[in-house]
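Since the structure comes first, as structure tokens, the remarks are kept for the end.
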Amino acid sequence: DYSEPIGIDLGCKKNNWIVDSNGNRISRPDYSKEDKRIAKYQRKLAIKRRVNKEKRANSTVANKLEEPNYTKNEEKILKKLNKAYKRKFNKIETRIHEYACSIIQEKPSAIVLEDLDVKGMLIPKSDDISCKHRERHNRNIYDSVLYKVRSIIEIKANSNGIPVLFADREYPSSQLCSCCGHRQKIGTSRVYKCPVCGNEIDRDDNAALNLKNVAYYDFNQYEMIV
1 DYSEPIGIDL GCKKNNWIVD SNGNRISRPD YSKEDKRIAK YQRKLAIKRR VNKEKRANST
61 VANKLEEPNY TKNEEKILKK LNKAYKRKFN KIETRIHEYA CSIIQEKPSA IVLEDLDVKG
121 MLIPKSDDIS CKHRERHNRN IYDSVLYKVR SIIEIKANSN GIPVLFADRE YPSSQLCSCC
181 GHRQKIGTSR VYKCPVCGNE IDRDDNAALN LKNVAYYDFN QYEMIV
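As structure tokens, then:
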């Protein structure tokens, strides 16, 4: 027996990483230690590469192609850097697998996800935005590995015979009221307040419920509801 469908809203914020229509809210794991190690080894590797580049330039070896790309010291730092990256993404993948297994056990009749344009979510350098804000925003998107979340959920669902639906990229899941279907722009507000029916709900929970409704009707119908 299958239960109701589940709508899953994905985000790039740490505490609102995965929010579904069943009330589950999954945050990204804490990998601050790994990030510090990655930054530390990247600095060390950059210094070593710069020093050794000068040595290679002054080298008397006739054929420069015979010289190794990395020295032994550089390879040691590179191994530590790769290990830190691996530990970080292992934490992320473990959290995704745990969540995917938990929703599969609920046996939903369908799982609805957004067809996100991840590249379109990034802030380009041409925009008139401070460098720190752009880097922080883009790093949050990269660390959210939204495509990885989508692929793992899709693979586990398909292997268990659960259909996975994708709402169109133009579907305004955050702008529609999950109760009456009224559409409005809410900007950066974290709470959706509907002026028609009085519904007041967290914007991520509202989006997840709207995605759940996609399983019941054609998501292009929102144009008629507005």
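Numbering of the sequence shown is given in my numbering, commencing with residue 1 and proceeding in unit increments.
Ideal Cβ placement from N, Cα and C applies to all residues, glycine included.
(request) Can you give me the Cβ contacts of Cys177 inside the same chain, cut-off strictly under 6 Å, excluding the 5 residues immediately before and after it? (result) One-based indexing of the sequence shown puts residue 177 at position 177. Counting only Cβ-Cβ distances below 6 Å, and skipping sequence neighbours, we find Cys194, Asn199.
(request) Could you spell out where the beta strand (DSSP E) holding Lys193 opens and where it closes? (result) Position 193 of the sequence shown, counted from the first residue, corresponds to residue 193. DSSP places Lys193 inside the beta strand (DSSP E), whose first and last residues are 191-193.
(message) Rounded to the nearest angstrom, what separates Lys91 and Leu113 at their Cα positions?
(response) Within the sequence shown, numbered from 1, the residue matching residue 91 stands at position 91. Within the sequence shown, numbered from 1, the residue matching residue 113 stands at position 113. One C-alpha to the other measures close to 23 Å.
(request) Please state whether DSSP places Ser173 in a helix, a strand or coil. (result) As a working mapping, residue 173 is identified with position 173 in the sequence shown. Three-state DSSP puts Ser173 in coil, outside helix and strand.
(message) Using only the alpha-carbon positions, how far apart do Ile47 and Pro108 sit?
(response) Here residue 47 corresponds to residue number 47 of the sequence shown, with the count starting at 1. Here residue 108 corresponds to residue number 108 of the sequence shown, with the count starting at 1. Each residue's alpha carbon lies about 53 Å from the other.
(message) What ranges does the alpha helix (DSSP H) occupy inside the stretch 95-147, keeping only unbroken runs of at least 4 residues that lie completely in it?
(response) List check, alpha helix (DSSP H) in window: 118-121, 131-144.
(request) May I have the straight-line CA-CA distance separating Pro172 from Arg25, to the nearest angstrom? (result) Start at 1 with the first residue of the sequence shown, and residue 172 comes out as number 172. Start at 1 with the first residue of the sequence shown, and residue 25 comes out as number 25. For Pro172 and Arg25, the distance between alpha carbons rounds to 20 Å.
(message) Count Cβ pairs between the stretch 140-160 and the stretch 4-18 that sit closer than 8 Å; are there 3 or more?
(response) yes
(message) Tell me which residues share the same chain as Val196 and place their Cβ nearer than 6 Å to its Cβ, disregarding the 5 neighbours each side in the sequence.
(response) Within the sequence shown, numbered from 1, the residue matching residue 196 stands at position 196. Closer than 6 Å at Cβ, skipping near neighbours: Cys180, His182.
(request) Using the Cα positions of Arg37 and Leu165, report the straight-line distance between them to the nearest angstrom. (result) As a working mapping, residue 37 is identified with position 37 in the sequence shown. As a working mapping, residue 165 is identified with position 165 in the sequence shown. So the two alpha carbons sit approximately 39 Å from each other.
(message) What does the alpha-carbon distance come out to for the pair Lys212 and Ser32?
(response) As a first step, residue 212 is located in the sequence shown; it is residue number 212 there, counting from the start. As a first step, residue 32 is located in the sequence shown; it is residue number 32 there, counting from the start. Cα to Cα, Lys212 sits roughly 34 Å from Ser32.
(request) Please list, in chain order, all residues of the same chain as Asp204 whose beta carbon is under 6 Å from its beta carbon, the five residues on each side excluded. (result) Within the sequence shown, numbered from 1, the residue matching residue 204 stands at position 204. Taken in chain order, the residues that qualify are Asp9, Asn16, Val19.
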